[in-house]
Structures are given as C-alpha cells and as structure tokens.
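Asker: Protein chains in written order, with this note's numbering: chain F, 66 to 446; chain W, 854 to 1321; chain P, 283 to 663. Cβ coordinates follow ideal geometry from the N, Cα and C atoms, glycine included. Since this is a predicted model, take the numbers as computed values, not measurements.
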Amino acid sequence: MSKQPYSVLGLFDSPQQLLDAIPAVKTHARGRLEAYTPYPVHGMDEALGLRKSPVGGMVFVMGLIGALAALGFELWTAGIDYPTLTAGKPYFSWEAFIPILFESMVLFACFTSGLGMLLLLNRLPSFRDPMLRSKSMPRITRDKFALAVESQGRPLDVDALSALLRKAGAQEIEVVEQPEAPGPVSPHFLMRSALTIAVGCIAAGYLTYWGVKLFPVVAPISHMLDQPRLDPQRESNYFQDGFGMRLPVAGTVARGHMPFAVASQEEAARLANPLPRTEETLKRGKQAFSTYCSVCHGILGNGQTSLTAAYGAKPANLVSRQMQDYEDGKIYYVIAKGKNAMPPYAADLSEEERWSVVHYVRVLQRALNAKDTDISKETSK
Amino acid sequence: MKPEAMYSPEGMLPESLKAPPIIVGTVSPGALDDQVLSHIDRKPPLAWFVAFACAATVMLIGFALIGYTIATGIGAWGNNIPTAWGFDIINFVFWVGIGHAGTLISAILLLFRARWRNAISRFAEAMTIFAVMCAGIFPLIHIGRPWLGFWLLPYPNQRGIWPNFRSPLMWDVFAVSTYFGVSLLFWYLGLMPDFASLRDRTKSKFRKFFYALLSLGWLGRASHWRHYERAYLIIAGLATGLVLSVHSVVSFDFAVSLVPGWHMTIFPPYFVAGAIFAGFAMVVIVLVVVRATMKLENLITMYHLEVMNKIILTCSCLMGYSYLLEAFTAWYSMNDFIHHAFMQYVAGTYWWAGWTTITCNILIPQLLWLRWFRRSYAGMILVALSVTVGMWFERFVIIVSSLHQDYLPSSWHIYKPTMVDFGILFGSFGLFFTLVLLFARVLPVIATTEMKMVLPGSQPRHGGGAHE
Amino acid sequence: MNDSKTGKIVAAGAVAGLVGLAATGFLSGWDRFWVNWIQWFLFVLTIGLGCLFLVALEHVVGAKWSVPLRRIPERLSGLTLLMAPVGLLALLSLPVLYPWMHPESLKDPVVGGKAVWLNGWFFAIRVVACIGLWILAYAVFVRGSIRQDNDKDPKFNVRARRFAPLFMVIFGITITIVAFDWISSLEPAWYSDVFGVYVFAGTFLAGLAATTLAVLYLKRCNRLPDIGPSHLYNLGGFMFAFIVFWSYIGFAQYMLIWYANLPEEVFWYKERLDGLWGPLLLGLAVVHFFVPFVILIPRTAKGEPKRLVWIAGLILAAHWLDLYWMIFPILGKGPLFGWPELSFALFFLCAGILWARRAMNRGADMPVGDPFLREGLEFRL
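Now the structure itself:
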C-alpha cells in the first residue's frame, strides 16, 4: 500500500516514560501529537497542550435551564393553565415545586454532561477510526501507553519519526495505515439485505395477523368491569321472569306526587282548585294543554282536530255547555284517571300542571262563549 | 516553625494505626485484566447455576403473583382502610434505600478521591441500578389500574388536567426516574473503557461485535480522556446531590402528611442515613460472596470490608440518634397523637416489629465496635443480614404501625398481609439476585480501567502522589 | 501586616465594645442585652464546637491530607472553653428570655408538661454536663496533640482514634441539647426533631469557615508554606458540600412544616416571616446558600485563596445571621440592629480575634509530632 500512513505510533511501558517522551517528540515532529492510554494519566493534558474541557460550562447552563424549565412548567400547570387548590396551598406554591426543580436540574445537567461529552466533544460513537484496527490497540487497552504522530493529510517521514520515538524511549513502533475507503455496496450484499428485510416483513405480518386472530383484543383486565351486580337493561338469572329491571313495589309514590285517592268522578267534584288564577298559572296551563291535550281536543278545546276522523273515537268538546257546568274537580279527575278512550295523564302531568290545565280550560270556555259585555270589561283591564 | 523529624510511618507505627492493604500483593494492569475479565470468557461454576436457578424461580413466582394481582385487583393484598399502604410501599422504600449505597461509593467517594472505592464501585453501582429496578415495580403495580400508569407523566391530554406537582408522589416519580437514568448513565460511562478492553481481548467475533458496539469506538485518546474525566466527575458531583435528595423525596411522602408518627421533620436525613445503612449491608453481603467465589480477595480486600463495616456502624449510630430524637419528640411535643403513634412502635399491636427494628438496626450492629468482629466474615454477614431485616422492619413499622391506628379510633384496623404480599416481596429479592448473578456473568465486576488508575506506580511521579 | 499596631486597634475596639455592651442592659433593656449575649455566646460556641468536631472527624476517618492543617481547628476549639464562663453567665438570662421559667407558663399544658425537662435546675445541669464533656474532648484531642509535638508518641493517634467515635456520639447529643435548650426553648411550645441536625450543619460550616480563614491568614504570614492548593481545594470542597447540606436541612424543615400547616408548628415560622423578617430570611438564603454555592461551583474557585477568604467570611457572617434570625424574633419587634448589637459585635469579634492570634502563637503551626504529617504534606490531587 503506497498510501500515506495514518500515524506513526510508539509504545511505552509506563506513563512516566510517555510523559518524559512528549517534549522531545513535540519539538521535532511535524504533525499532531496524540497519546493513547488505558486510563487517564495525570499531567497528560498539560504535556500535550490540551485546552480545558468545556463540559463544566455546558453543564452549568443546561442545569440552569433544566431548573428554570421545571419551575416554569410547574408554575404554569398548577397556577395558570388549570389552577387547582391542593391542601389549601396557594397556586404559586414555590416550596412544593422545589423538589422537582432540583431533580430536573440534575437530570438535564447529568445528561448534558454524559451525552455532550460523548456526542459533541468526543464525537463518539465512531467505528471508523483506523486505530481500532491497529495492532497496538489491544496492548493499549491492556497496559501500554502510546504516543502517536498523526499525519492529518500531510506526508509523514516514517523512518525519521520511528527513530525519534525510539530515541525518546518507545519499546515498539507501529505504522498505522489508513483504512480502506468504503467501496460501493456489492450487489450480493444488497440482495441479501433486501431478502432479509422482505422475509422479516412477511413474517411480522403473519405473526400479527395470527396473533390478533387467536387473542382477540380484550380489555386487558376485565375482572373489575365484570362484577356480580345488576346492571340496567340487562337480564338477570335471579328473578323468575328474567328481567333485571323491576317495577317499583305496589303503592310506591314518586317524590313530589301524592297519591290521587279519589274513587270516582262524582267524588272528585268536591275537590277545589288550589291554585290561584294568575298569569303564570295560566301560562303553564296553556303550555301543558298545547302539549298534551290539544292533539285530541283541538287547540281551541272544541274537539275538532285532524285526528278525529282517523282516530275513531270522538274527543269531548271541552267548551260545550255541559263541560262548562262540570266542576273543576271533575275535569281534574278526568285528566288524572282518563275516561273511555282517553288514557290517564297522571304520569305525564304533575298535580300543579293538572290544576293549571283546568284553569286554562275555563279560559277557553269563556273565550269561545264570549258575550259582548266581556269585551268592554276585558279590554279595559 | 518548620516541621522536623518526620519519620517513615510504616515501620514505627503501632499495629492499630496500620490499615490493611487496599490491594494485596502486586498486581500489574495486564494481570488485573486477566484476573477480572477472564470470568466473562469462562463458564461459571456449578454454584452459579444453582444460585441462578433458585433466584430465577423465586423471581418468576413473584412475577406470576404480580400478574395475579393485576388481573384480580389490590384486594389480593392485605391493603385496606386505614392501612392503604402496606408491603407495596414498604418494599419500594426498602429497595430505593438499598440503591443509595452504590451511588455513595461510586460518586461521593470519587469526589473524596478515596482510592479504595475503585475495586467495588462497579459492583455497587450495578446493585444500585438493580435495586432501583426492583423498587420501581412497586409504585406501578400498587396503583390499582397499572395500565393507566402513564397518567403520572405530564403530557398534554384530552382530560385537560395535569398531574399534581405539589404532591410528593409526583416528586417521587421524577426523583426515582432521574436517579435511575443518571445511575444508568454513570454506570455505562464507567463501563465504556472496560468494553474497549473486552473488545480488544475477546477471540469470539460475535462478542467482539457487541463489545465494539457498546464501547462506542473508545480508543483511550488523551484528548478524549480529558472530556471524559471532567464529565464523569461532574456527574459524580450531581449524583451526590441525588443520594441526598432521592431518599429525602421518598421521606417527604410520609413527612408532609398529617399522619401522627409520619410528620416528623427529621425524616429526610433519617431516611438517607437508613438508606446508606441498608445499602451498605447489602453490598457487604454480596461482596463477601463474590470475592470468595470469583477469587478476587486480593482486589476486594479486608480493607474494603472493614471500611464498609465502619460505615455501617456509623449509620447505625445515626439511626440510633434518629430513634432517640423521635422518642424525645414524641414526649416533648406534648401531642397526644404523636405520643400514641410512638407508643405503638414499642408497645402496640406490632411491638414485635418495633423491637425487631431496634434490635437489628441498633443493638446487633454495635458488635462492629469490636475490631475482631468487623474483620470476621461470619460476623459481618451476621450484622449485614440483621441490618437488612431490621431496615425492612423499620419501613414496616413506620408505615403499618402509624397507619393502622391514626386519629379516629373507629377507623383503627389491623393490617394482615397475604401470601401474595409475601410472594411479591420474595420475588423482588429473586429479581435482584438474578440480575446480580447475570451481571457477574456477563460484565466485568471490577472496574478494571479505574483499578489500573490506582495501582501503585500507575501515575507519573511529579503529576500525582498518594490519593487519599 | 503590622502586628502590634493592628493589635492595638483591635484591643481598642474590644474595649469600646465592652463599654457599649455593659451599657446595653441599663439603657436598652435587659432583654435586649441578654438576647445579644445568647446570640454571641452561641455564635462563638458553635465555631469552637465546629472546629472540635472537625478535629474528631479527622481522627475518625484517619484522613492524612488534613494532618498538616489540624493544629488550626485544634487551637480554635479552645473557643469552646472560652465560652464556658460566657455560657454560665448566660444562665442568668433564663428568667428574662425563657418563658418556661415563669410559673404562669406552667398553666399552659403544652409548656407545663415539659417542666420536668425545661426547668432552671435541669437546664443548668445540662449546660454544665455539656461543658464538662467538651472540656474532656479538648483535653484528649488538643492537649494530647500538643503534647505529641514534643514526645512524638504515636500512641496519641491510637488514643484519639479510639475516643473520636465515642466523641461523635457525645457531640451529637450535646449539640442537640444546645439547639433544643438555648434556641428552641425560647419558644417552648414549638418542636421540630431535625432542629439538632440543622444547628449541627451550621456549626460544622462555621468551624470549617473559621478554620479556612485562619489557614489563609497563616499562609499570608508565610507560616504554613507547605500547605498547597490541593489542601485548600479540599477545604473549599468541604465548605461547598456543607453549604448544600445546611440548605437541604433548612429547606426540608421549612417545607415540611409549611406543607402540613399545623398551627402548633407553623407559628414559629410565621413569627420569623412577618414584617421585615421575611426579607431577612430571603437575604439569609442568598448569603448562606446562593452566593457561596454559585461562587464555589467552578473547580478552580474551590482552591483559590482570595475567593476562599471572601466565601469563608461570608459564611461566618451568614451563620451569625442564621442565629440572629432564629433568636431575635422573640423580642417581638422587627429586626433590630442598633448600637447594642454593634457593641456586642465589636467586643466579641475583637476579643475573639485577639484571643485567636494569641492561641495560634502558642506553639507549632502544625502537629509536628504526628507520624502522618509528611504524608499529609505530600498530598496532591
């Protein structure tokens, strides 16, 4: 190989010899000096003229950033973005934020130190250095110390340097060659790689398919979801009819609803309308009437709706003479219990609403049987 | 006044002033490599396989029980109201504590330039990492729905809320994960030059590939060493802060609360002392076995063991001080609840655990005052085992004894651990020792590069001298 | 440094201080007098105890690098003995400053319950016992070391190494008693079990700082020529570490009490945060932690004499401020600093400096009889 060597290297037995050799070699050799030792040797940095490492400064800055970033994040999340009160502490409770601030500072600082040293300053990992393939490297990592003059592109006078190193005390000399330039990738290698990747993908695909098929996606731990209790709208083995949801016991009264204990319409005539006839009552009555009653009895209460013909049954005309003579209680009774084809509306209308509807029916009756005298008195009100 | 008549110490000193040698005999760097790194090439002895089988079995049983717990629910354990924390947190605090000894040896002793640290720092640091791994299991599995454990991390989410950074349990998440990450980084950085040695030594192409990869192409360039040393020292300094802070943050879990017996301001230094105490005991146990089975008695010498025993004794005294202060404060505070909590330690339902703690932590280690005791293997193993048991029971007493009878008598209830609890506890020991055994098999147990730095004659005369 | 002229100025300062000190009781009130007395008693005592602890620590660990420096803390620990009469006189302050001395305080169950511990006689017995134990330790460590200068007997090292661990136990108990008795019982209802550790941290730092100042002073006078940058770096490093330790304990105590927010603990801090005391506490954190910490971070800074002088002085001032912040609030007023405080400062500082100079001149500057002296002098990082 007539290429330029990468470096000329001399092996020494002890660190003292190496340190002593450096000044002699430095003055006479052209090229960059580098020392290789199995462990750090004191005084080496000064002898080689190496500058102080900037790791300390990097760490300080990043540590500070870590601390401030953590503090800022904590203050923002706990004080601004979603302020929460914990144990009565103020939102910006710096005392409680210090532990994480400290840990964050240490984390940032340590990883800056380690990774910064490796990646930035030492440019590791690096697997291309020619020294990795040299004969001396195993001896260096074991127990020898080496002083190398690196070419860095310029030609090296191998013989002169070897003589110089020997004179300075080196036991052995090695000329480290430049590595082979990595050639273009061979077609054989390409084919092998492509085949490996293809096979890998196919295998992965099959495994995924069969895996998902054999172990269907389940909630990983369902025991807590799967409890021996009655869920709504589910069957139950406990009851004979198989229903999980049960009707309330006979005689159960819903809150706010007193039971309507009147037996017949005649008895109901005795009941008096407890609500006063206010605008609010009438409005409520109107709304309830329009919602529930006007479908069959008509919006005016006269029993004329589009439903009449199709329905078959004939809804009562609420504004007739007969209905005007009905007592309030009787109308209330019919609303609650129903009559003939009319279903009971007790479940749909509360007591108040029913009495309000009664008021409204009276209004309709008056309105549809208005006399002339009503107008002069009503409009002036 | 000029010093005069300084005489050579070794010849005229009384015996008691002479310390045992840090390295027995002369060891050259090459011989060191052969002695330590050859274990990785050789097949391990039968004892290793037996130990591994036992440890792995126990570990797998523990994992199975963890799986059972996750599938069934925390009801499989003894946790209940009011003792909502039981073996889970006891084990967590116990294992995190054990990790601290490794960092102390690796980091703090590096800052003190203590030469003797280099023979044991690799193993100790590995033990830290394994202990923290064991510890980290428990917070994950005790939360009832472990598959939602990632909610502890502060990421933007559709729930619109953040974790509660004011809670010491969140501080724990950050502290323990930082501790794990930094310890791993520190350990790996120390291993890098050793991987380079292994890369250059090994004959197997397969292993050479992996060692080359793991060593990241380390060459031992002086220009690299300069950055490396600085970074390593800085991480050591920061890790020292972690030794104090991590177990203090763990102690905050208890001390910020209002539970009587937990809210004692002495908890942070008390827990740190206890952690170092338990950790060194574990290191002693493991190292006594390792140095005998791997024939490393000339490198891990009686000096190391004696110094570690002295540290154990110191920590035992610190623990004694803490117990004394707790007892004094239980009276001095004139607070009935703190008083009751303390009386529970010594005369309550779990009085036997309290007295086990005191005996194993304070009384038995006092035997280490006797020089012949701390230099005898049986003696130091006895004390180390006693300390391990005692420190576990101390966590038990702190957690269970305080919780089972706090403010409201109507809430008092006995805590009864279940077999699953015990199984997981032993499983964690199984995991720890499995990892230790694997480490001893696959990685260099002594930091050979660091050892070479402190062999006699390893540094040039005018640059360095005795490192103390 | 012109010795005799400076000596005369310092002596004059001490006399002036003494006059002002004596006048304080009559002109400003006896509580003000005694508060200052306790403050300075504790300040100087903790410096002496810190130095004594440093000596014992060196014997326990068997450190060799510190052997050449050991004579300085040995001499300075004499301050402990010097403070013995000051402490005994301080017993006169009990009726003035300490609430539990008054019979009415026994009515409060929290204070009255402690009467078996907090009463005049037991307190005095404890003070005398502590002083006795410290005198014993001084005799073993310091007198023995000075005697070794002449007889060069290594048996002193054996004795010291045997006694030192026992002294550690004694020290732990006595410093806790000092903290609980003199400082914490000023407010007898308060309790915090880490308080002994907190005062210990400040004590050890004060001892380190005083030792560093003395070492640097002697170096300036060319009296410790063989002490090099490595030794100073270790002193600086220790100060750095214990600044962090003190801050950690101080923060932990504060944060735990703040977090639980129990009235029976919080009131002590509340008194010390109200009004101007809060900014003073912030100032304490700055001078006791932030400034020395940041300045000592760079590696070179830890061994630089000029920087160390300033930092050590700052730490001593911060330690004084620490005691001030704990003790003075019991007067019920804001931070007081008038001519009484100045007089006390003048007297104690000047008298202390005069005493220290005389103590240093009494014998060898290094323990010349110690068998490890040479190894210690050869110590290099």
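Of the choices SER1264/W, THR922/W, VAL985/W, whose alpha-carbon is the least far from that of ARG998/W?
Answerer: Nearest of SER1264/W, THR922/W, VAL985/W to ARG998/W, Cα basis: THR922/W.
Asker: With 16 as the cutoff for other CB atoms within 10 Å, does TRP403/P come out buried or exposed?
Answerer: When all chains shown are included, TRP403/P counts as exposed.
Asker: Looking at ILE1119/W: is its Cβ nearer than 8 angstroms to the Cβ of VAL476/P?
Answerer: Contact flag set, yes.
Asker: Note down, in chain order, each residue of its chain lying with its Cβ closer than 7 angstroms to the Cβ of TRP1015/W, except the 5 sequence neighbours on either side.
Answerer: If we look at TRP1015/W and ignore the five residues flanking it on each side, its Cβ neighbours are PRO1007.
Asker: Roughly how many whole angstroms lie between the Cα atoms of MET182/F and PHE1039/W?
Answerer: If you take the alpha carbons of MET182/F and PHE1039/W, they lie about 12 angstroms apart.
Asker: Of all the options SER474/P, PHE522/P, PHE571/P, VAL481/P, which has the alpha carbon lying nearest to the alpha carbon of TRP540/P?
Answerer: Closest by alpha carbon: SER474/P.
Asker: What residues in the segment 115-129 of chain F bring their beta carbon closer than 8 angstroms to a beta carbon of chain P?
Answerer: Within the segment 115-129 of chain F, the qualifying residues are GLY121, PHE125.
Asker: Give the range of the alpha helix (DSSP H) segment to which GLU215/F is assigned.
Answerer: Segment 210-215 is the beta strand (DSSP E) holding GLU215/F; no alpha helix (DSSP H) there.
Asker: Report the neighbours of ALA522/P on chain F: residues whose CB is nearer than 8 angstroms to its CB, in chain order.
Answerer: The identity of residue 522/P in the sequence shown is Phe, whereas the question assumes Ala. Per Cβ cutoff of 8 angstroms: no residues; PHE522/P is ~14 angstroms from chain F at best.
Asker: Quick one: grab the DSSP three-state call for LYS91/F.
Answerer: In this structure, LYS91/F counts as helix in the three-state DSSP scheme.
Asker: Taking the CB atoms as reference points, tell me whether LEU866/W and PRO470/P lie closer together than 8 angstroms.
Answerer: Not closer than 8 angstroms, so no.
Asker: Using the Cβ count rule (16 or more neighbours within 10 Å means buried), how would you classify ALA228/F?
Answerer: Result: exposed.
Asker: Using a Cβ-Cβ cut-off of 8 angstroms, state whether PRO1121/W counts as contacting chain P.
Answerer: PRO1121/W counts as touching chain P.
Asker: Using a Cβ cut-off of 9 angstroms, pull out every chain P residue sitting near ILE163/F, in sequence order please.
Answerer: The answer, in chain order, is PHE533, MET537.
Asker: Evaluate CYS266/F with the Cβ neighbour count: other Cβ atoms within 10 Å of its Cβ, from every protein chain shown; 16 or more gives buried, anything less gives exposed.
Answerer: The residue is exposed, with fewer than 16 neighbouring Cβ atoms inside 10 Å.
Asker: Can you list, in chain order, the residues of its chain whose CB lies under 7 angstroms from that of ILE609/P, leaving out five sequence neighbours each side?
Answerer: Around ILE609/P: VAL317, ILE320, GLN321, ILE465, LEU468.
Asker: Taking the C-alpha atoms as reference points, what is the distance between ALA972/W and LEU538/P?
Answerer: The alpha-carbon atoms of ALA972/W and LEU538/P are separated by roughly 39 angstroms.
Asker: At the 8 angstroms Cβ level, is MET1172/W part of the contact set with chain P, yes or no?
Answerer: No, its Cβ sits nowhere closer than 8 angstroms to a Cβ of chain P.
Asker: At 8 angstroms on the CB atoms, spell out the chain W contacts of VAL479/P, in chain order.
Answerer: Those are ILE1119, PRO1122, listed as they occur along chain W.
Asker: Which of the three DSSP states, helix, strand or coil, is assigned to ARG299/F?
Answerer: Of the three classes helix, strand and coil, the one that applies to ARG299/F here is coil, per DSSP.
Asker: Residues of chain W with a CB under 7 angstroms from the CB of VAL451/P: which are they?
Answerer: Neighbours of VAL451/P on chain W, chain order: CYS1170.
Asker: Please list, in chain order, the chain A residues whose beta carbon lies closer than 9 angstroms to that of TYR515/P.
Answerer: This model lacks chain A altogether; the protein chains it does include are F, W and P.
Asker: Nearest to ILE593/P by CA position, among LYS552/P, ALA542/P, LEU300/P, PHE520/P, is which residue?
Answerer: Of LYS552/P, ALA542/P, LEU300/P, PHE520/P, the residue nearest in Cα terms is PHE520/P.
Asker: Measuring straight from C-alpha to C-alpha, what distance separates LEU1296/W and THR879/W?
Answerer: Whole-angstrom Cα-Cα distance: 24 angstroms.
Asker: Kindly indicate the opening and closing residues of the beta strand (DSSP E) around GLY75/F.
Answerer: Here the beta strand (DSSP E) through GLY75/F covers 70-77.
Asker: Express the C-alpha separation of SER118/F and GLU660/P in angstroms, rounding to a whole number.
Answerer: Between GLU660/P and SER118/F, the C-alpha separation is close to 27 angstroms.
Asker: Where does CYS503/P land, buried or exposed, given buried means 16+ other C-beta within 10 angstroms?
Answerer: It is exposed - the Cβ of CYS503/P has fewer than 16 other Cβ atoms within 10 Å.
Asker: In terms of DSSP beta bridges, what is ILE238/F paired with?
Answerer: Partner(s): GLY75/F.
Asker: Could you tell me the boundaries of the alpha helix (DSSP H) in which ALA406/P lies?
Answerer: From DSSP, the alpha helix (DSSP H) with ALA406/P extends over 402-420.
Asker: Strictly by DSSP, which residues pair up with LEU98/F?
Answerer: Beta-bridge pairing links LEU98/F to VAL214/F.
Asker: Considering only residues of the same chain and omitting the five flanking positions on each side of GLY280/P, which have a CB-CB separation below 7 angstroms?
Answerer: Coverage of chain P is limited to positions 283 through 663, which leaves residue 280/P absent and any answer about it impossible.
Asker: Along chain F, which residues have their Cβ under 8 angstroms away from the Cβ of ASN1017/W?
Answerer: Here the neighbours are ALA143, THR149, THR151.
Asker: With burial defined as no fewer than 16 other Cβ atoms inside 10 Å of the residue's Cβ, what is the status of VAL126/F: buried or exposed?
Answerer: VAL126/F comes out exposed.
Asker: Residues in the segment 204-218 of chain F with C-beta within 7 angstroms of chain W's C-beta atoms, listed in sequence order?
Answerer: Within the segment 204-218 of chain F, the residues whose Cβ lies closer than 7 angstroms to some Cβ of chain W are ILE205, THR206, ARG207, ASP208, listed in chain order.
Asker: Are the CB atoms of PRO164/F and PRO450/F within a distance shorter than 8 angstroms?
Answerer: No answer is possible for residue 450/F: it lies beyond the span of chain F, which begins at 66 and ends at 446.
Asker: Got a sec, what are the start and stop residues for the alpha helix (DSSP H) GLU332/F sits in?
Answerer: Looking at the DSSP string, the run of the alpha helix (DSSP H) that includes GLU332/F is 330-333.
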